[in-house]
Amino acid sequence: MSADGFSGGPPEGARPDWTIDQGWSAYTPDEHRVWDILYERQAAMLPGRACDEFLHGMEALNLRRGGIPDFARVNEDLMKLTGWSVVAVPGLVPDDVFFDHLANRRFPAGQFIRKPEELDYLQEPDIFHDVFGHVPMLTDPTFADYMQAYGKGGQRALGLGRLKNLARLYWYTVEFGLMQTAKGLRIYGAGIVSSRAESIFALDDPSPNRLVFDMERVMRTPYRIDDFQQVYFVIPGLQSLLDATLQDFGPIYARMAAAHDIRIEAMLPRDQVLTAGTQAYARAGGKAAG
Ligand code: PHE
Ligand code: FE
1237 MSADGFSGGP PEGARPDWTI DQGWSAYTPD EHRVWDILYE RQAAMLPGRA
1287 CDEFLHGMEA LNLRRGGIPD FARVNEDLMK LTGWSVVAVP GLVPDDVFFD
1337 HLANRRFPAG QFIRKPEELD YLQEPDIFHD VFGHVPMLTD PTFADYMQAY
1387 GKGGQRALGL GRLKNLARLY WYTVEFGLMQ TAKGLRIYGA GIVSSRAESI
1437 FALDDPSPNR LVFDMERVMR TPYRIDDFQQ VYFVIPGLQS LLDATLQDFG
1487 PIYARMAAAH DIRIEAMLPR DQVLTAGTQA YARAGGKAAG
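With the numbering used here applied, the sequence shown covers 1237 to 1526.
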């Protein structure tokens, strides 16, 4: 994840590219236990909910060895599979730094883990969200290429002043994406697979809209950072997502400059609607997602 609003360089102790040592041997038994609890919860939840690519990635990386994974060990497997690696960062990093890592097949992951009393509450992405949520998908060659392309696309969008639009693509795919498969609707977004409550809500709740993915539609749709999504976009598969991003975004960005945002809960005549949500959850005021 990245964030705007950084003024100076990296915090003390971090390298110029904002990475730090993971310091794996310094995690406490309590911190390892938090990982184990979260891991077991999600591992029990996700068969039949997460897409096969995610479940295979989880297996391939063997994130179940007990305790917080050591990046050095994860990277041995990940590097062999797709040439990606995980690097530790203190927290959110500036957009340009984030994109540079992605463009070079490095995924920046928060080094810290949430507190035991905050299992369902996260202000900033921690190591569980970043590693459990994001890294399994990076074992898939198509998704791996998509993420690298996104990093390059991010650098370009920054230069063109269209990051707002490209960030929505990240949000509605990498973080909160759903996929239609032969077995049914499945999750691939990291923000969903790493959340107990949203991995149910995203698939089963009648409240949110579920729409077939459309690039420009997504780029015009704002998102919620504080609660469950009000709309999810469904891709037919990873290859189709990658293909849709191979086109030159220049003309799209030019159209975006003139286009207005779409209300988050709106359904348009052109939308291909899988679920016309009741929006009951959002209308009742929501309540922080976990
Ligand atoms: N094709 C996009 C462009 O021309 C780059 C991109 C690739 C963006 C993949 C996002 C994901 O800017
Ligand atoms: Fe994330």
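Ideal placement from N, C-alpha and C gives every residue a C-beta, glycine not left out. These numbers come from a predicted model, not from an experiment.
(message) As an exercise, report each continuous alpha helix (DSSP H) stretch of at least 4 residues that is fully enclosed by the stretch 1451-1520, in chain order.
(response) 1451-1455, 1474-1482, 1486-1494, 1516-1519
(request) Have a look at R1446 and I1436 and give me their C-alpha separation to the nearest angstrom. (result) 14 Å
(request) Return the residue from the list M1383, R1398, V1310 that minimises the CA-CA distance to S1321. (result) V1310
(message) Which runs of the alpha helix (DSSP H) at least 4 residues long sit entirely within the stretch 1305-1358? Give them in chain order.
(response) 1307-1318, 1331-1339
(request) Check whether the Cβ atoms of Y1459 and R1404 sit closer than 8 Å, and answer yes or no. (result) yes
(message) I'd like to check one pair, H1337 with G1387: are the Cβ atoms closer than 8 Å?
(response) yes
(request) Could you name the residues whose beta carbon sits closer than 7 Å to any heavy atom belonging to ligand 1, keeping them in chain order? (result) Y1382, A1385, Y1386, K1388, G1389, R1392, A1393, L1402, L1405, T1481, L1482, Q1483, D1484, F1485, G1486
(request) Enumerate, from N- to C-terminal direction, the unbroken alpha helix (DSSP H) stretches of 4 or more residues contained entirely within the stretch 1353-1396. (result) 1377-1396
(request) Would you please state the rounded distance, in angstroms, between the beta carbons of P1442 and G1513? I believe it to be under 8 Å. (result) 7 Å
(request) Take the Cβ of M1315 as the centre, count every other Cβ of all protein chains shown within 10 Å, and call the residue buried at 16 or more, exposed below. (result) exposed
(message) Quick check on N1298: does DSSP put it in helix, strand or coil?
(response) coil
(request) Check whether the Cβ of D1366 lies closer than 7 Å to any heavy atom of ligand 2, and answer yes or no. (result) yes
(message) I'd like the span of the beta strand (DSSP E) that includes L1402, first residue to last.
(response) Where L1402 is concerned, there is no enclosing beta strand (DSSP E), although the alpha helix (DSSP H) it sits in stretches over 1399-1406.
(request) Determine the contact status of A1296 and T1375, defining contact as a CB-CB distance below 8 Å. (result) yes
(request) To the nearest angstrom, report how far apart Y1263 and P1377 are at their CA atoms. (result) 31 Å
(message) Give me the DSSP bridge partner(s) of R1446.
(response) Y1468, T1511
(request) Would you mind stating whether M1373 and Y1424 have Cβ atoms separated by less than 8 Å? (result) yes
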